[in-house]
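Participant: For the sequence shown, this note's numbering gives the first residue as 3, with consecutive numbering after it. Think of the CB as a built atom: it goes at the ideal place given N, C-alpha and C, for glycine as much as any other residue. As the structure is a prediction and not an experimental result, all values here were calculated from the model. If you scroll down you'll find the structure; I have some questions about it.
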Amino acid sequence: MSTRPAKRPANRKAEILRVAAAQFQERGFHAVALGDIAGAVGISAPALYRHFRGKHDLLAAAVADGFAVMDAAVRDAESLDAAVRAMAELSVERRELGVLWQREVRHLPEPVRAEMLQRFRGLAVRLQGLISDRRGDLDASDVSLLNWAMLAVLGSPSHSRAGVSDGRLVELLEGAARTLLAARLPAHCGDPGGRGAAALGVASASRRESLVAAATRLFGRQGFHEVGLGEIGAAAGIAGPSVYKHFASKSDLLYAALNRGAQALQLALAEARTSSDTPEEALTSLLRAYVGLVQTHKDLFMALVTEVIHLPDEQRHDVRRTQHDHVMEWVRLLRACRPELSQAEAQVLVHAVLAMVNDVQRTRHLRSRPRLADELFELGRAVLLPAR
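If you want it as structure tokens, here you go:
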């Protein structure tokens with residue numbers, strides 16, 4: 003009796019994309035080999051090439067597929083509320099997309115990155131039109147702020163593991179997004195509370211400090227793997243070989259930079275606690291301090307979000323433990339103000355607000371807004387402490 007070869011599954015390409023996206027999110031683009039993806043799918047590496055030309059092609063296809071699904075959902079939505087609901091559901095179902103967009107797309111060739119950016123902007127423009135119809139009291143610039151703040155909140159599960167069911171996570175994200183879309187922005191008058199465009203800064207006299215500052219800037223803007231020690235040394239005005247007098251490796255430099263961020267967060271927390279009489283005062287003080295820190299140190303906080311994965315195990319666990327402990331302090335304060343929230347629910351909202359502050363302040367056309375710090379503070383407070 004003859005045996006026919008096993009039939010290739012009709013959804014093989016989609017399965018490869020799903021596995022690749024999950025592995026890129028978990029381990030980072032450079033740490034994943036095509037053989038890893040092929041093995042997880044149950045095929046050989048040569049068989050994978052029938053579908054994709056290589057790892058870069060896979061990454062581009064994974065991001066494009068995610069954007070296509072979200073764009074279709076927004077196009078099909080009959081209202082802003084329906085679009086928000088659909089986006090919240092897809093953000094939970096495709097939670098790897100946020101990490102791929104923020105951390106991994108930079109590894110693609112420039113023409114491909116430009117195409118991805120165009121797709122994302124198209125999605126944002128469609129959402130902005132729906133928001134404009136709802137919020138006729140706002141000008142286009144203010145609508146854009148709410149739009150990008152909402153997108154950041156909806157994408158926040160990409161960087162954290164929620165301890166709630168998928169259904170509850172969708173509800174929390176949808177609720178936070180609706181709160182943002184209904185929020186009142188501070189009046190555009192008086193002395194601006196934010197700094198607007200960042201200052202250039204003054205160089206440090208210490209070579210070690212100069213290296214940490216240069217590394218922070220380059221890691222935050224280009225990514226760990228795209229930057230060499232020689233480039234860091236040149237940016238700090240130090241000859242390449244001299245870098246090793248201060249740091250044994252590039253990962254040690256990254257660790258030093260990220261620790262600066264962790265220390266700044268701990269100082270902000272201590273100040274909020276000691277200067278406040280109630281949990282609500284402490285939480286709002288901490289929120290305002292966080293907005294100010296990110297505004298002043300955008301590259302550092304970008305690196306804290308995207309580059310921790312590149313540290314050696316012990317250092318990575320150390321930084322992530324510090325980050326987790328800091329978030330849990332926010333959670334404890336929030337639950338003291340809103341005891342109806344479970345710990346996991348409060349954690350979802352805290353991560354959503356932190357993601358909003360981080361992402362909006364990295365969005366080029368928004369960060370020059372003269373009152374951005376005040377606006378982000380009010381938006382964050384609306385999500386954490388509604389109707390207060």
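Is L140 helix, strand or coil when you go by DSSP?
Facilitator: Residue state, collapsed to three classes: coil.
Participant: Within 10 angstroms of its Cβ, does A375 collect 16 or more other Cβ (buried), or is it exposed?
Facilitator: That one is buried.
Participant: Roughly how many angstroms lie between the CA atoms of L386 and G177, to the nearest whole one?
Facilitator: Spanning the two alpha carbons is a distance of roughly 11 Å.
Participant: Is P159 buried or exposed, if buried means 16 or more other CB atoms sit within 10 Å of its CB?
Facilitator: Per the 10 Å Cβ criterion, buried.
Participant: Should Y292 go down as buried or exposed, given a rule of 16 or more other Cβ atoms within 10 Å for buried?
Facilitator: By the 10 Å Cβ count, Y292 comes out buried.
Participant: Would a C-beta distance cut-off of 7 Å place P281 and A338 closer than the cut-off?
Facilitator: For P281 and A338, yes; Cβs fall inside 7 Å.
Participant: What do you reckon, are the CB atoms on R19 and A74 nearer than 7 Å?
Facilitator: Position check: residue 19 holds Leu in this sequence, whereas Arg was assumed. No; because the gap between Cβ atoms is not below 7 Å, this pair is not in contact.
Participant: Which same chain residues, not among the five before or five after S278, have their C-beta less than 6 Å away from its C-beta?
Facilitator: Cβ within range, chain order: A284, S287.
Participant: In whole angstroms, what separates the C-alpha of R14 from that of A49?
Facilitator: The alpha-carbon atoms of R14 and A49 are separated by roughly 11 Å.
Participant: Let me know if G127 comes out buried or exposed under the rule of 16 or more other beta-carbons within 10 Å of its beta-carbon.
Facilitator: One detail in the question is off: residue 127 reads as Val in this sequence, not Gly. When all chains shown are included, V127 counts as exposed.
Participant: Do the region 208-225 and the region 290-307 make contact, defined as three or more Cβ pairs closer than 8 Å?
Facilitator: Yes, they touch.
Participant: According to DSSP, simplified to helix, strand and coil, what is L102?
Facilitator: Correct three-state label for L102: helix.
Participant: Helix, strand or coil, according to DSSP, for R97 in the structure here?
Facilitator: Three-state result, R97: coil.
Participant: Taking its Cβ as the centre, do 16 or more other Cβ atoms sit within 10 Å of D327, making it buried, or is it exposed?
Facilitator: Exposed.
Participant: Let's see if you can read the secondary structure: which residues bound the alpha helix (DSSP H) around V293?
Facilitator: First-last of the alpha helix (DSSP H) with V293: 281-298.
Participant: Closest to V333 by CA distance: which of R186, A348, G68, I133 is it?
Facilitator: V333 has its Cα closest to that of A348, out of R186, A348, G68, I133.
Participant: Would you call the region 257-271 in contact with the region 225-235, where contact means no fewer than 3 C-beta pairs closer than 8 Å?
Facilitator: Too few Cβ pairs lie closer than 8 Å, so no.
Participant: Under a Cβ-count criterion, where at least 16 other Cβ atoms within 10 Å of its own Cβ denotes burial, should D141 be classed as buried or exposed?
Facilitator: Burial call: exposed.
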